């Protein structure tokens, strides 16, 4: 084992990617016996230096794997960084007694972190949320034979290969072909309206509804005035004092004013209300 690993400073692909790739290529490729010995030291004794050596000696593989995901338009350095996180998770969970090489176990964790990063950053709105959609997203691009839309036969074949419906294939193809759009749109020289904000229903009241409500209120007010005018003076006064005045009178106050019982005032009020409702309803 090269002693350079023990003294190497912390490295990151973000600062200088070319220098990073040259550095990771200098770490030795572990022989099966060396890898097993280091894995046993970490798994059995918690030796963090052994874990660090396992990670450093497999960084070149992560960088190589990240190249296959460069077609998504995301920074190569970021893909490597996410893959390195997956590598460290794999080293933490690797059991040397299973009898497989670390890289065979780690490739799942490395790809999982890269996939999650791509899905999180490829579009503003996440394009794949279910397991079937994730599977489609990473397989449809390579399954398409050209940049043109899939034919019915190609869609059916891809659906059968990936174990999904043709509708799912068509939906994902549409998402892959679409692009992000600003919610408010951009300034243009013409009057073209295409931003999503222009297709949302306005929260402001509909002018037609405002006019209709105003007409309805005027009609009700007119009917109320006409209905009150048809009542006798006493009934109209009782309704005025009971319902239409700011300082409303009680039955007993009106009874004292007219020299009758409170029950008689209640009867007069009830009859007047019936006549008024009929006048408004006509």
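Numbering (our numbering), first residue to last: 995 to 1276. Cβ coordinates follow ideal geometry from the N, Cα and C atoms, glycine included. Since the structure is predicted, the reported quantities are computational estimates derived from the model, not experimental observations.
* Three-state secondary structure (DSSP) at residue 1045? -> Residue mapping note: residue 1045 aligns to position 51 of the chain shown, counting from 1. Residue state, collapsed to three classes: helix.
* Asked: Taking all protein chains shown into account, do 16 or more other C-beta atoms lie within 10 angstroms of the C-beta of residue 1053, making it buried, or fewer, making it exposed?
  -> If you number the chain shown from 1, residue 1053 lands on position 59. Buried, since its Cβ has 16 or more Cβ neighbours within 10 Å.
* Use the C-beta contact count for residue 1265: other C-beta atoms within 10 angstroms, 16 or more gives buried, fewer gives exposed. => Counting from one through the chain shown, the residue named residue 1265 turns up at place 271. Under this definition residue 1265 is an exposed residue.
* Distance between residue 1051 and residue 1060 (C-alpha atoms, nearest Å) -> Here residue 1060 refers to the residue found at position 66 of the chain shown. Here residue 1051 refers to the residue found at position 57 of the chain shown. Between residue 1060 and residue 1051, the C-alpha separation is close to 16 Å.
* In angstroms with no decimal places, state the Cα-to-Cα distance between residue 1282 and residue 1207. => In this structure the chain extends from 995 to 1276, so residue 1282 is not present and cannot be described.
* Straight-line Cα distance separating residue 1243 from residue 1250 -> Locating residue 1250 in the chain shown gives position 256, where the first residue counts as 1. Locating residue 1243 in the chain shown gives position 249, where the first residue counts as 1. The straight-line gap from Cα to Cα measures roughly 11 Å.
* To do: Determine, using beta-carbon pairs with one atom in the region 1022-1037 and one in the region 1065-1082, whether at least three such pairs fall under 8 Å.
  => no
* Extent of the continuous alpha helix (DSSP H) run through residue 1024 -> Here the question's residue 1024 lines up with position 30 in the chain shown. Residue 1024 -> no alpha helix (DSSP H), and no H or E assigned at all.
* Tell whether a beta-carbon distance below 9 Å holds between residue 1048 and residue 1036. => Residue numbering aside, residue 1048 sits at position 54 when the chain shown is read from its first letter. Residue numbering aside, residue 1036 sits at position 42 when the chain shown is read from its first letter. Yes. Within cutoff.
* Helix, strand or coil: which one does DSSP assign to residue 995? -> Start at 1 with the first residue of the chain shown, and residue 995 comes out as number 1. Unreliable positioning characterises residue 995 in this predicted model, as indicated by a pLDDT of 43, which lies under 50. A coordinate reading is not provided.
* What separation, rounded to the nearest whole angstrom, lies between the Cα atoms of residue 1246 and residue 1222? -> By one-based count along the chain shown, residue 1246 stands at place 252. By one-based count along the chain shown, residue 1222 stands at place 228. Each residue's alpha carbon lies about 23 Å from the other.
* Asked: The alpha helix (DSSP H) with residue 1214 in it runs from where to where?
  -> On the chain shown, position 220 is the one that residue 1214 refers to. That run of the alpha helix (DSSP H) goes 1201-1224.
* Sequence-distant residues of the same chain with beta carbon closer than 8 Å to residue 1141, five excluded per side -> For the purposes of this step, residue 1141 is taken as the residue at position 147 of the chain shown. Residue placement at residue 1141 is flagged as unreliable, the pLDDT there being 49, under the threshold of 50; the coordinate-derived value follows with that caveat. No residues qualify anywhere along the chain.
* Under the three-state DSSP convention, the category residue 1052 falls into -> As a working mapping, residue 1052 is identified with position 58 in the chain shown. The answer is coil: DSSP assigns residue 1052 none of H, G, I, E or B.
* Asked: For residue 1103, is the classification buried or exposed, using 16 other Cβ atoms within 10 angstroms of its Cβ as the cut-off for buried?
  -> Residue 1103 sits at position 109 when you count from the first residue of the chain shown. That one is buried.
* Do you know offhand how far residue 1097's Cα is from residue 1197's? -> Taking the chain shown and counting its residues from 1, the one referred to as residue 1097 is at position 103. Taking the chain shown and counting its residues from 1, the one referred to as residue 1197 is at position 203. When rounded, the distance between both Cα atoms is 57 Å.
* Measure the alpha-carbon distance for residue 997 versus residue 1114 and round it to whole angstroms. => Start at 1 with the first residue of the chain shown, and residue 997 comes out as number 3. Start at 1 with the first residue of the chain shown, and residue 1114 comes out as number 120. Confidence is the limiting factor: at residue 997 the pLDDT is only 38, short of 50, which leaves the residue's position unreliable and the question unanswerable from this model.
* Asked: Does the distance from the C-beta atom of residue 1263 to that of residue 1232 stay below 9 Å?
  -> Numbered from its first residue, the chain shown carries residue 1263 at position 269. Numbered from its first residue, the chain shown carries residue 1232 at position 238. It is a contact, given that the beta carbons lie within the stated cut-off.
* In three-state DSSP terms, what is residue 1157? -> Locating residue 1157 in the chain shown gives position 163, where the first residue counts as 1. Correct three-state label for residue 1157: coil.
* Should residue 1269 and residue 1225 be called a contact, given that it needs their Cβ atoms to be closer than 9 Å? -> Against the chain shown, residue 1269 aligns to sequence position 275. Against the chain shown, residue 1225 aligns to sequence position 231. Yes, the Cβ-Cβ distance between residue 1269 and residue 1225 is below 9 Å.
* For residue 1231, the first and last residue of its enclosing alpha helix (DSSP H) -> Locating residue 1231 in the chain shown gives position 237, where the first residue counts as 1. Start and end: 1227-1233.
* To do: Please list, in chain order, all residues of the same chain as residue 1253 whose beta carbon is under 8 Å from its beta carbon, the five residues on each side excluded.
  => As a working mapping, residue 1253 is identified with position 259 in the chain shown. Around residue 1253, the same chain offers no residue with a beta carbon nearer than 8 Å, after the five sequence neighbours per side are excluded.
* Coil, strand or helix - residue 1063 by DSSP -> Here residue 1063 refers to the residue found at position 69 when the chain shown is read from its first residue. Under the three-state reduction of DSSP, residue 1063 is assigned to coil, being neither helix nor strand.
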